[in-house]
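Heads up, the thing below is written out as structure tokens.
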Amino acid sequence: MRTLIAACASAALCLGAGTGAAEGQKLVIEGQEMVTRAPAPDWHPLTEVISGWEFRDPATQALQMDDFENPAMIFVDQAREMWSTPDGAAGKSCESCHGAVEDSMKGVRAVMPKFNEEAGTLWSLEDYINNCRTARMQAEPWKWSGSEMTAMTALITLQSRGMPVAVRIDGPYQSWWEKGREIYYTRYGQLELACANCHEDHYGQMIRADRLSQGQINGFPTYRLKNAKLNSIHNRFYGCIRDTRGVPFAEGSDEFKALELYVASRGLGLSIEGPAVRN
Amino acid sequence: MRLARNLAFGLVAALGAGVAQAAEIVPGDVVFRDGAVETPLTDQPGDPARGREVFSQRSQGNCIACHAVSSLSDVPWHGEIGPPLDGVAERWSEAELRGIVANAKIMFPDSMMPSFYKVTGFIRPGDGFTAKPAKEIKPLLTAQQIEDVVAFLKTLK
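Protein chains in written order, with this note's numbering: chain U, 3 to 281; chain P, 542 to 698.
Encoded structure:
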């Protein structure tokens with residue numbers, strides 16, 4: 003990785019757009035092949051949707067291809083313990099109600115965010131987890147992007163690995179999806195940049211030292227080498243709007259749930275890869 | 542009455558200007574013609590060496606995040622978002638370059654390029670990169686920094 007960066011820097015113009023990945027390279031994790039490129043649905047502004055994995059350098063890509071190398075797995079192990087450890091006044095653990103995580107949580111990530119009929123509103127995975135903690139366990143809610151929450155979302159996401167992103171955008175989802183789309187195309191902050199400016203119009207290109215991806219969320223929560231921890235979807239949105247010299251919406255806000263739905267739908271058909279590794 | 546107040550205001554402004562080191566045109570008063578700005582924004586000529594810094598540094602213009610320039614081969618990481626700027630002084634006049642840097646969206650509607658000398662019309666503007674709301678919006682670059690970076694662009698022949 004070092005030599006690659008050095009070579010780029012000395013050539014000054016690190017041109018050659020594209021994804022940065024070796025052409026034809028496949029993402030296979032523990033013998034399972036992921037769909038990292040899929041034809042986009044009709045309404046989609048792009049013709050092909052591409053996983054963020056394809057845009058990373060070979061060394062970062064390799065970390066995600068082997069669960070023993072993937073630094074996110076330490077947190078998954080921590081979450082496995084939390085899964086079966088009682089917490090809160092009701093004396094229950096996740097396992098008390100749900101049993102084995104491998105069975106009960108299969109496919110859950112692939113349809114998030116999901117409309118909650120009882121609450122009459124759109125919920126992210128974090129909302130479902132915190133609802134179990136407060137209403138069923140009588141425990142304190144976790145912070146949206148805190149270490150317990152990101153570890154638990156990683157464990158749950160892992161149970162959908164390789165399944166296609168399958169969020170719904172019809173019925174009660176439609177107005178949320180439209181709100182999310184509006185946010186995606188709004189130019190925020192003093193730099194006046196929309197998600198689409200970077201992730202739709204210029205993916206594959208370098209913005210200073212970063213190679214822009216399509217900004218897909220099928221790899222979340224992601225372990226970032228930059229901060230050596232798991233990062234939530236809403237935290238990534240927050241960082242991208244802050245970088246426009248803008249004021250982001252709050253993590254867990256309706257705005258970010260709507261954006262999460264819309265961005266998830268832009269990756270329909272890609273495999274759930276989380277927890278992925280990014281720089 | 543109104544005239545008197547305007548006169549009084551003008552007098553205060555004139556006194557103020559006398560104290561300031563250099564006269565400069567504030568963002569709202571810049572006159573664009575076909576995207577170009579004829580009049581320099583300050584009475585201090587631009588300095589290409591300082592303009593090179595404005596162009597390269599993340600804390601200033603960070604133009605290099607989007608534009609590659611061969612003569613800056615000592616500065617790492619040139620972006621690919623906008624066109625490479627080698628020879629840009631042969632494509633555009635000084636007035637056009639000033640207009641593009643001050644507010645590129647007048648020359649290129651809907652451009653992704655930020656407007657460096659503009660203080661109004663933003664959605665959820667923050668106080669730099671703090672994620673907190675901006676109290677007072679200053680242009681991304683000062684009038685002098687604009688003149689300096691234009692002087693630097695003029696060296697790209």
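Just so it is clear, CB atoms sit at the ideal spot from N, CA and C, and this is done for glycine as well.
TODO: Tell me E585 of chain P's beta-bridge partners as DSSP assigns them.
DONE: Inspection of the sequence shows that residue 585 of chain P is occupied by Gln rather than by Glu. DSSP, once it has assigned bridges, lists no residue as partnering Q585 of chain P.
- [ ] Please name the residue in U:E50, U:A230 and U:N281 whose C-alpha comes closest to that of T152 of chain U.
- [x] U:A230
Task: Identity of the residue in U:W55, U:G148 and U:A74 nearest G26 of chain U by Cα - done: U:W55
Open item on the list: List, in chain order, every chain P residue whose beta-carbon is nearer than 8 Å to that of Q207 of chain U.
Closed with: G620, E621 and I622
Task: Nearest-angstrom beta carbon gap, W179 of chain U and S267 of chain U [assumed within contact, 8 Å] - done: 6 Å
Task: 8 Å Cβ cutoff met for T224 of chain U and P166 of chain U - done: no
TODO: Say whether the stretch 111-124 of chain U touches the stretch 33-50 of chain U, bearing in mind that this needs 3 or more beta-carbon pairs closer than 8 Å, one atom from each stretch.
DONE: no
Task: Any 3 or more C-beta pairs closer than 8 Å across the stretch 645-661 of chain P and the stretch 677-687 of chain P - done: yes
- [ ] Classify K116 of chain U as helix, strand or coil using the three-state DSSP reduction.
- [x] strand
- [ ] Please classify N237 of chain U: does DSSP put it in a helix, a strand, or coil?
- [x] helix
Open item on the list: Pop quiz: A606 of chain P and R170 of chain U are said to be a contact at Cβ under 8 Å. What is the actual Cβ separation, rounded to whole angstroms?
Closed with: Not quite, the Cβ-Cβ distance comes to about 38 Å (not below 8 Å), so this is no contact.
TODO: Step through the CB atoms of chain P and report whether any lies within less than 8 Å of the CB of L48 of chain U.
DONE: no
Task: Of the listed residues U:E184, U:L195, U:G173 and U:F258, nearest to I282 of chain U (C-alpha basis) - done: Past the boundaries of the shown model lies residue 282 of chain U; chain U is included only from 3 to 281, so the question cannot be answered.
Task: Residue environment, C99 of chain U, which counts as buried when at least 16 other CB atoms sit within 10 Å - done: exposed
Open item on the list: Quick check on the DSSP output: the alpha helix (DSSP H) that includes T224 of chain U runs from which residue to which?
Closed with: Element bounds for T224 of chain U: not the alpha helix (DSSP H) but the beta strand (DSSP E), T224 to R226.
TODO: Please determine if the stretch 72-87 of chain U and the stretch 137-153 of chain U are in contact, where contact requires at least 3 C-beta pairs separated by less than 8 Å.
DONE: yes
Open item on the list: Distance cutoff 8 Å, beta carbons only. Does K676 of chain P sit that close to anything in chain U?
Closed with: no
Task: First through last residue of the alpha helix (DSSP H) which encompasses R699 of chain P - done: Missing from the structure shown is residue 699 of chain P; chain P here goes from 542 to 698 and no further.
- [ ] Assign S162 of chain U to one of three DSSP states: helix, strand, or coil.
- [x] coil
Open item on the list: For A137 of chain U, count the other beta carbons within 10 Å of its own beta carbon; 16 or more makes it buried, fewer makes it exposed. Which is it?
Closed with: exposed
Open item on the list: Just to check my reading of the structure: G667 of chain P and R247 of chain U have Cβ atoms closer than 8 Å, yes? What is that Cβ distance to the nearest angstrom?
Closed with: 5 Å
Open item on the list: Check for me: the beta strand (DSSP E) holding L694 of chain P runs from which residue to which?
Closed with: Unbroken run through L694 of chain P is the alpha helix (DSSP H), A684 to L694; no beta strand (DSSP E).
Task: Extent of the continuous alpha helix (DSSP H) to which T671 of chain P belongs - done: Here T671 of chain P belongs to no alpha helix (DSSP H), and DSSP marks it neither H nor E.
TODO: Using a Cβ-Cβ cut-off of 8 Å, state whether T62 of chain U counts as contacting chain P.
DONE: no
- [ ] Run down chain U in chain order and give the residues with a C-beta less than 8 Å from the C-beta of S656 of chain P.
- [x] E194
- [ ] Identify which residue in P:R574, P:D575, P:G602 and P:P568 has its Cα closest to the Cα of Q686 of chain P.
- [x] P:G602
- [ ] Output, in chain order, the set of chain U residues within a Cβ distance shorter than 9 Å of L681 of chain P.
- [x] Q192, L193 and R247
- [ ] Let me know if P731 of chain P comes out buried or exposed under the rule of 16 or more other beta-carbons within 10 Å of its beta-carbon.
- [x] This structure cannot speak to residue 731 of chain P, because chain P is shown only from 542 to 698.
TODO: Report back the beta-carbon spacing between V578 of chain P and A645 of chain P to the nearest angstrom; my notes put them in contact at under 8 Å.
DONE: 12 Å between Cβ atoms; not a contact.
Open item on the list: Counting only Cβ-Cβ distances shorter than 8 Å, please list the residues of the stretch 211-239 of chain U near chain P, keeping chain order.
Closed with: A211
- [ ] For D212 of chain U, name the three-state secondary structure that DSSP assigns.
- [x] strand
TODO: Note down, in chain order, all residues in the stretch 168-187 of chain U with a beta-carbon under 7 Å from any beta-carbon belonging to chain A.
DONE: Although the question refers to chain A, the structure presented lacks it and instead comprises the protein chains U and P.
Open item on the list: Report the CB separation of M36 of chain U from E275 of chain U in whole angstroms; it is logged as a contact under 8 Å.
Closed with: 6 Å
Task: Boundaries (first-last residue) of the alpha helix (DSSP H) holding A643 of chain P - done: E635 to M648
- [ ] Could you give the DSSP three-state label for S273 of chain U: helix, strand or coil?
- [x] strand
TODO: Rounded to whole angstroms, what's the CA-CA distance from R163 of chain U to R280 of chain U? Just pull it up for me.
DONE: 17 Å
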